[in-house]
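J.: In my numbering, the protein residues as written are 405 to 792.
#1: Who are the near neighbours of residue 536 in its chain, counting only those whose CB is closer than 6 Å to its CB and skipping five residues on each side?
#2: Are the beta-carbon atoms belonging to residue 513 and residue 453 less than 8 Å from one another?
#3: With 16 other CB atoms within 10 Å as the buried threshold, where does residue 551 fall?
#4: Sort 429, 471, 735 and 444 by Cα distance to residue 421 and report the nearest one.
#5: Taking the alpha-carbon positions, what's the residue 492 to residue 637 distance?
#6: Enumerate in chain order the residues of its own chain whose CB-to-CB distance from residue 653 is below 7 Å, with the five nearest sequence positions on each side excluded.
#7: To the nearest angstrom, how far is the alpha carbon of residue 733 from that of residue 556?
#8: My guess is that residue 793 and residue 735 are in contact by the Cβ rule of under 8 Å, so how many angstroms apart are they, rounded?
#9: Compare the C-beta of residue 727 with all C-beta atoms of chain C and state if any pair is closer than 8 Å.
#10: Output the distance between the C-alpha atoms of residue 702 and residue 479, rounded to the nearest integer angstrom.
#11: Which value, in whole angstroms, describes the spacing of the CA atoms of residue 649 and residue 464?
#12: Can you tell me the Cα-Cα spacing of residue 600 and residue 613, whole angstroms?
#13: Less than 8 Å between the beta carbons of residue 496 and residue 628, yes or no?
#14: Report the start-end ranges of each beta strand (DSSP E) in the region 415-502 that is 3 residues or longer and not cut off at the edges.
#15: Identify which residue in 715, 670 and 456 has its Cα closest to the Cα of residue 439.
#16: Tell me whether the beta-carbon of residue 502 lies closer than 8 Å to the beta-carbon of residue 473.
#17: Can you give me the Cβ contacts of residue 674 inside the same chain, cut-off strictly under 6 Å, excluding the 5 residues immediately before and after it?
#18: According to DSSP, which residues form a beta bridge with residue 734?
#19: In whole angstroms, what separates the C-alpha of residue 424 from that of residue 494?
#20: Exposed or buried, residue 695, counting other C-beta atoms within 10 Å across all chains shown (16 or more means buried)?
#21: Can you name, in chain order, every residue of its own chain whose Cβ lies under 7 Å from the Cβ of residue 570, other than the five neighbours on each side?
#22: Figure out for me which residue from 562, 634 and 711 has the closest Cα to the Cα of residue 665.
#23: Can you give me the C-alpha to C-alpha distance between residue 468 and residue 676, rounded to a whole angstrom?
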């Protein structure tokens, strides 16, 4: 049973669907997760259901939601090796009022043969750049005067730069920890060699126990490296992917803003053409009819594009400018807390190893022949699952 790393809050009680990862099998070639869903939406045939889904089903759901719901932000999908982060991803999807009521999520829950949605043709992605200076009016350079989006985009880019550096430094530290573990293990082996040639019983026991101590410390140092890799480093790598997904969502908004401004300019052009016809000395009825039809079509197109942009703008503003920032902050704080707890636990176990050597330091002139280190090698964690 997994403890849900949920973003579910008291104020989210109004949301009418919640999906929890009950158990998982990560040893398969295709990891499988058993989910429990509870909902009060009328469109669902069963209000409670337990069902399996593979990581490929999750990927198809993420891709479909990203392409089909451009007015919302779909976070990057975490790796299958971390069910806690995958649970958090599900919580965010269920918390979003547009995504939680989608037909895709209903099919994901109620399908008996996995999740295979109807293909959605993704919209063409064109890079848009937010400029504070006067824009050229093209779809590639758009003037964004919404302060919330300008500030959010700047914050995401700055966050991405700094977390890239942190990730690189963290990987270097993990490499050094593994090298330190090898060095400590080698030192333990050398103490064995010293003990083999030592004829004094007390000093022989010292070398023997020092060898055990450094081998245990080497195992714990490897555990430190594993712990740091699966807490801090995995979270930073995920946040890099998530920030890229957020920036792509902001670019979708800028593209919609560009289309709206182009339609608005076209309407103004048609309107000026109509004004010129009013003051023309010779009026051709065919030209007048064409101008009226063009103006009507331009206004209708502008109204349609404006409504689409406003819907998209309001949804993305809530998801990116508000929820995204809060979610990232909670994710980072949680990863740091997990890392700190794991490191403290491992450091305490290292301290136990060295404390067990204390009898040899009380009187360096005494001949100790009966004291040995009582520390079970099996207590040293082989993987991070024993740390938490």
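All C-beta atoms in this analysis are idealised placements derived from N, C-alpha and C, irrespective of residue type, glycine included. All values derive from a computational prediction rather than experimental measurement.
T.: Answer, in terms of the structure:
#1: With a pLDDT of only 31 at residue 536, under the threshold of 50, the placement of this residue in the model should not be trusted; the figure read from the coordinates follows. There are no such residues.
#2: Contact: yes.
#3: exposed
#4: Taking only the C-alpha atoms, the option nearest residue 421 is 444.
#5: 17 Å
#6: 477, 720 and 724
#7: It is roughly 14 Å from the alpha-carbon of residue 733 to the alpha-carbon of residue 556.
#8: A question about residue 793 goes unanswered here, because the residues of the chain that appear run from 405 up to 792.
#9: Absent from the structure: chain C. Only one protein chain is present.
#10: Distance between the alpha carbons of residue 702 and residue 479 is about 36 Å.
#11: 16 Å
#12: 13 Å
#13: no
#14: The DSSP assignment places complete beta strand (DSSP E) segments of no fewer than 3 residues inside the region 415-502 at 421-429, 436-443 and 452-458, in order along the chain.
#15: 456
#16: yes
#17: The beta carbon of residue 674 sits closer than 6 Å to those of 698, 699 and 702, all from its chain and outside the five residues before and after it, given in chain order.
#18: Per DSSP, none; premise fails for residue 734.
#19: Residue 424 and residue 494: Cα-Cα distance of roughly 8 Å.
#20: buried
#21: These residues qualify, in order along the chain: 640.
#22: 711
#23: 43 Å
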